[in-house]
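S.K.:
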Amino acid sequence: MAAQGQAIDALSQFTLTPVLGVVGSSVNFTQANLFMVIAGALTIGMLVLGAKPRAIVPGRMQALAELAYENLLKMCTDQIGPEGRTYFPFVFTLFFFVLMGNLLGMLPFAFTYTSHIAVTMALAILVITVVTVVALRIHGLHFFSYFFPPGAPKALAPLIIPVEVISYLSRPLSLSVRLFANMVAGHVMLKVFATFVVMLAGAGTIGVIGAAAPLALNVILIGFEFLVAFLQAYVFAILTCIYLHDSVHLH
Amino acid sequence: MSEERDGTDRPRDVPQGASPKGTSFEDRLHAARRKQGLSAPRQGEEPEGRGVGLSPSQGSALGMGMRVGIELVSALVVAVAIGWFLDGWLGTRPLFLILFFLLGGAAGVANVWRLVSPQKPPGRTGSD
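Quick note, the sequences are listed as chains A and B, same order. Quick note: the first sequence uses this note's numbering, first residue 823, plus one each step. Quick note: the second sequence uses this note's numbering, first residue 142, plus one each step.
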């Protein structure tokens, strides 16, 4: 253990620091906020640039924008039904906010704002609020029959209703923790193995040879992290769709 | 809509290499439209991607295990939080905590059941 002095510091990458000098620090504009703004600008830029050519045979940008639009629209209509078009802008925005957060975090020196439970929890609370309001608007007080599945014996109502209510309330928690935990775990793993590379390389010739293993692992992990970035954004969007389906159709 | 595609798609209806005349045009048209997502599935057919949860994202067993774990724990956490606040409000410290702990465990198992069950239980398929 030649590099005893260095400790593995895997969590400092998640600390928030104000950016943009005096202006930023006076309003607490951190790098998380900065990357949220960048994510929004990138998404809008992609769509505006993609929609500009209006070609019948799309170029690269237009194909990207059309693919994104059509796939998410298809997801909405598949999962929610024909009414899904109403909620398409909401799902589209959520998907791209999460996706851009995950992907921007893969750039060197960038910050992953989806790795903060505060951000993902806010998104999940937004989702559950929209879902509940939609259900109440469409079904009115009939919405509360959602907590008692039809056909269940009436005697079990005192047991089933609390369980269903807890199950409903646990949705935002599982939604937010899933995204948050995936992003944190991935970035911590990358940092830990990267620190191994540095520590082993500092331990002489044998260490340099040994450092090849965590380096190779990190290369694989980077690819895996890109997969996770897309997958978690997709999961977030499709779960939103499934919850919306439940609130539009009940049961 | 070529012959060999029909032959591989529905081996029970059409023997290999035979002409697809055996099935009605309506059936084949509906199957093709459904595959393209142009028409809604018929009554009783589950649309793809529903029921089993998330078909494309179930690639890794690790991801599935993580989802199950999160579903189990999150229900428990929510229930314990409700019990804790009810106790603090009513001044009956351990009572509601214990009650909601049990209910939360049941809700977690219900969550996991909803995640892994192949389709919705028969009682819940009827829409209203």
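Note that CB positions come from ideal geometry on N, CA and C, so glycine has one too.
Can you give the Cα-Cα distance for residue 1052 (chain A) and residue 1067 (chain A), rounded to whole angstroms?
M.R.: Residue 1052 (chain A) and residue 1067 (chain A): Cα-Cα distance of roughly 22 Å.
S.K.: Specify the secondary structure class of residue 994 (chain A) as computed by DSSP and reduced to three states.
M.R.: Reduced to three states, the DSSP call for residue 994 (chain A) is helix.
S.K.: Going along the segment 231–248 of chain B in order, which residues come within less than 8 Å of chain A, judged by CB to CB distance?
M.R.: Those residues of the segment 231–248 of chain B that come within reach of chain A (Cβ to Cβ, closer than 8 Å) are 241, 244, 245, 247 and 248.
S.K.: Return the Cβ separation of residue 884 (chain A) and residue 877 (chain A) in integer angstroms, given the expectation that the two are a contact with Cβ distance under 8 Å.
M.R.: Rounded, the Cβ-Cβ distance is 6 Å, consistent with contact.
S.K.: Considering only C-alpha positions, which residue in the set A:838, A:1057 and A:871 is nearest to residue 937 (chain A)?
M.R.: The shortest Cα separation from residue 937 (chain A) among A:838, A:1057 and A:871 belongs to A:838.
S.K.: Shortest alpha-carbon distance to residue 1050 (chain A) belongs to which of A:986, A:924, A:1013 and A:973?
M.R.: Ranking the options by Cα distance to residue 1050 (chain A), first place goes to A:924.
S.K.: List the residues of chain A that residue 216 (chain B) touches, going by C-beta distances under 9 Å, in chain order.
M.R.: Going along chain A in sequence order, the residues near residue 216 (chain B) (Cβ under 9 Å) are 985, 988, 989, 991, 992, 995 and 996.
S.K.: Against chain B, with Cβ distances strictly below 7 Å, would residue 1000 (chain A) count as a contact?
M.R.: Taking Cβ atoms only, chain B reaches closer than 7 Å to residue 1000 (chain A), which makes this a yes.
S.K.: Tell me whether the beta-carbon of residue 1069 (chain A) lies closer than 7 Å to the beta-carbon of residue 956 (chain A).
M.R.: Yes, Cβ-Cβ distance for residue 1069 (chain A) and residue 956 (chain A) is below 7 Å.
S.K.: Quick check: the Cα distance between residue 234 (chain B) and residue 908 (chain A), rounded to an integer number of angstroms?
M.R.: Cα-Cα distance, rounded: 46 Å.
S.K.: The alpha helix (DSSP H) with residue 883 (chain A) in it runs from where to where?
M.R.: Residue 883 (chain A) -> alpha helix (DSSP H) spans 882–902.
S.K.: Between residue 209 (chain B) and chain A, is any beta-carbon pair separated by less than 7 Å?
M.R.: No, its Cβ sits nowhere closer than 7 Å to a Cβ of chain A.
S.K.: Roughly how many angstroms lie between the CA atoms of residue 852 (chain A) and residue 840 (chain A), to the nearest whole one?
M.R.: Cα-Cα distance, rounded: 4 Å.
S.K.: Using beta carbons (cut-off 7 Å, strictly below), is residue 1063 (chain A) in contact with chain B?
M.R.: Answer no: the Cβ-Cβ gap between residue 1063 (chain A) and chain B never drops below 7 Å.
S.K.: I'd like the span of the alpha helix (DSSP H) that includes residue 226 (chain B), first residue to last.
M.R.: From DSSP, the alpha helix (DSSP H) with residue 226 (chain B) extends over 202–231.
S.K.: Hey, is residue 186 (chain B)'s beta-carbon within less than 7 Å of any beta-carbon in chain A?
M.R.: Unreliable placement is indicated for residue 186 (chain B), whose pLDDT of 42 sits below 50; the coordinate value is still reported in the next sentence. Cβ-Cβ to chain A under 7 Å: no for residue 186 (chain B).
S.K.: Anything in chain A within Cβ reach of residue 251 (chain B), meaning under 7 Å, just list it in chain order.
M.R.: The contacting residues are 985 and 989.
S.K.: Cβ of residue 996 (chain A) within 7 Å of Cβ of residue 211 (chain B)?
M.R.: Yes, they are a contact pair.
S.K.: Classify residue 1027 (chain A) as buried or exposed, calling it buried when 16 or more other Cβ atoms lie within 10 Å of its own Cβ.
M.R.: By the neighbour-count rule (16 or more Cβ atoms within 10 Å), residue 1027 (chain A) is not buried but exposed.
S.K.: Can you have a look at residue 1060 (chain A) and say buried or exposed, based on whether 16 or more other CB atoms are within 10 angstroms of its CB?
M.R.: Residue 1060 (chain A) comes out buried.
S.K.: Using the beta-carbon of each residue, which ones in chain A are nearer than 7 Å to residue 219 (chain B)?
M.R.: By Cβ distance, chain A contributes 988, 991, 992 and 995.
S.K.: Would the segment 209–226 of chain B and the segment 238–258 of chain B be scored as touching if the rule is three or more Cβ pairs under 8 Å?
M.R.: The segment 209–226 of chain B vs the segment 238–258 of chain B: in contact.
S.K.: Let me know if residue 998 (chain A) comes out buried or exposed under the rule of 16 or more other beta-carbons within 10 Å of its beta-carbon.
M.R.: With 16 or more Cβ atoms within 10 Å of its Cβ, residue 998 (chain A) is classed as buried.
S.K.: Please name the residue in B:204, B:243 and B:219 whose C-alpha comes closest to that of residue 1003 (chain A).
M.R.: Comparing Cα-Cα distances from residue 1003 (chain A) to each of B:204, B:243 and B:219, the minimum goes to B:204.
S.K.: Would you kindly work out how many angstroms separate the C-alpha atoms of residue 914 (chain A) and residue 927 (chain A), rounded to a whole number?
M.R.: Distance between the alpha carbons of residue 914 (chain A) and residue 927 (chain A): 20 Å.
S.K.: Answer yes or no: do residue 984 (chain A) and residue 244 (chain B) have a C-beta to C-beta separation smaller than 7 Å?
M.R.: Yes, the pair counts as a contact, with Cβ atoms nearer than the cut-off.
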